[in-house]
Amino acid sequence: MTPTIARQDVAPMNGGGEVSMAVWGVWLQFLGCMALIGVAGVQLSRQGEAIASLTGLSRGWIGLVLVATVTSLPELVTGLGAVRVAQAPDLAAGDALGSCVFNLLIVGLVDGLYRRGRLFVLASADHVLSAAFGVGALALVMLALWLEPQGRLPALGSVSPVSVVLVLLYFVAVRTLFRAQARSDRPPEPGLRADRQGLRRALLAYGLAALIIVAAGLWLPMVGAELARQMGWTDSLVGTLLMAMATSVPELAATLGALRVGAVDLALGNLLGSNLFDLLILAIDDFAYAPGSLFAHLSPVHGASVLVAILMNAVVVGALTFRPDRRVWGTASTAGVVLVLLYGLNGLLQAQALP
134 MTPTIARQDV
144 APMNGGGEVS
154 MAVWGVWLQF
164 LGCMALIGVA
174 GVQLSRQGEA
184 IASLTGLSRG
194 WIGLVLVATV
204 TSLPELVTGL
214 GAVRVAQAPD
224 LAAGDALGSC
234 VFNLLIVGLV
244 DGLYRRGRLF
254 VLASADHVLS
264 AAFGVGALAL
274 VMLALWLEPQ
284 GRLPALGSVS
294 PVSVVLVLLY
304 FVAVRTLFRA
314 QARSDRPPEP
324 GLRADRQGLR
334 RALLAYGLAA
344 LIIVAAGLWL
354 PMVGAELARQ
364 MGWTDSLVGT
374 LLMAMATSVP
384 ELAATLGALR
394 VGAVDLALGN
404 LLGSNLFDLL
414 ILAIDDFAYA
424 PGSLFAHLSP
434 VHGASVLVAI
444 LMNAVVVGAL
454 TFRPDRRVWG
464 TASTAGVVLV
474 LLYGLNGLLQ
484 AQALP
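The numbering of the sequence shown is our numbering, which starts it at 134 and goes up by one.
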């Protein structure tokens, strides 16, 4: 299915009955996948909250590692399919970087939607560290986008040295965040660790929800690619906007599920952790890309997504430090509004690059 993403020789929808029925069928599949992921995402968050309570692990760390890894699997499979099957490195990079920007948009949106309190007031300050690691990883990606096309970075076979550093940085980030949050978290309530049966049920339910998200999340990008093909949209738009949105549906579902049970740290940890994992995916795509360094074959327009993602992470860091408690026109905080505006800016910049 993946190679259809890169094809541009299929006529867009022209109003004919046969084509219209095909488009409606793809739209129904797209919405069905999103609904299935939404239901499973709520369960994933509930069981993640239960696992955190029963084991004494940090909710932020559970979100950063367990939930973020599961919800980012669609990006992983889509990226590998783009570089190995479709030979479309821009699609892989657009999906990974576009997902980073979209996840930060979700932070801004839930800041306005969450009514049990102020998101950035309730969230743990440990998320500043997650966002800081994200800025560091994004800066490395920008460095690769700048220097790799000029051949100014030493080659490690067909892989960029930046990809090796990104892999190391991810594991350093996970270890550092675990240690930081272990120091700041309260000890578990007495008796929780002894509830092995409850933990077993939570793990089984978590695994089932994860399987549903993986299955539907892997099918969703294929449906989105077919929809783009039917509509006659370009690869650039598909990678950075449509596919990034499609593969980020699991993050959105898990985040809304976490907020529904009041697990703010689980929600924010999932989004920021997914961004770190998405940048790890970009490095994995580089290892899988046979023609050479992935970054040497990318369009410069991806630099816009990287810069916007850095700015959005900076807004999150500022909000977690300053703790804004006022809402703009009764909606989101100033930080949440700025995050939404920056996402719109990235969309405009990507649209400027369209042929």
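By construction, the Cβ of each residue, glycine as well, lies at the ideal position given by its N, Cα and C atoms.
These numbers come from a predicted model, not from an experiment.
- So what does DSSP say about residue 431, is it helix, strand or coil? Look at residue 431 here: in three-state DSSP terms it is coil, with no helix or strand label.
- Local Cβ density within 10 Å of residue 398, reported as buried at 16 or more and exposed below that: buried
- How long is the line joining the alpha carbons of residue 323 and residue 186, rounded to whole angstroms? At residue 323, the pLDDT of 41 sits below 50, so the modelled position is not reliable and the matter cannot be decided from this model.
- Query: Given that a residue counts as buried once 16 or more other Cβ atoms are within 10 Å of its Cβ, and exposed if not, what is residue 469?
  - Reply: buried
- Task: Evaluate contact between the segment 276-296 and the segment 463-481, counting only Cβ atoms and requiring at least three cross-stretch pairs below 8 Å.
- Result: no
- With a CB to CB cut of under 6 Å and the five nearest residues on each side skipped, what residues in its chain are close to residue 167? 382
- Tell me the DSSP bridge mates of residue 292? 289
- Message: Can you look up residue 306 in the DSSP assignment and give me helix, strand or coil?
- Response: Taken through DSSP and simplified to helix, strand or coil, residue 306 comes out as helix.
- Message: Between which two residues does the alpha helix (DSSP H) holding residue 106 run?
- Response: Since the first residue of the chain shown is 134 and the last is 488, residue 106 is not available in this structure.
- Query: Span of the alpha helix (DSSP H) holding residue 263?
  - Reply: 260-280
- DSSP on residue 312, reduced to helix/strand/coil? helix
- Query: Excluding sequence positions up to five away, which residues of its chain have a Cβ less than 7 Å from the Cβ of residue 256?
  - Reply: 397, 398, 401, 453
- Message: Taking the beta carbon of residue 266 as the centre, do at least 16 other beta carbons fall within 10 Å, making it buried, or is it exposed?
- Response: buried
- Can you list, in chain order, the residues of its chain whose CB lies under 8 Å from that of residue 310, leaving out five sequence neighbours each side? The residues are 193, 194, 197, 259, 262, 263, 266.
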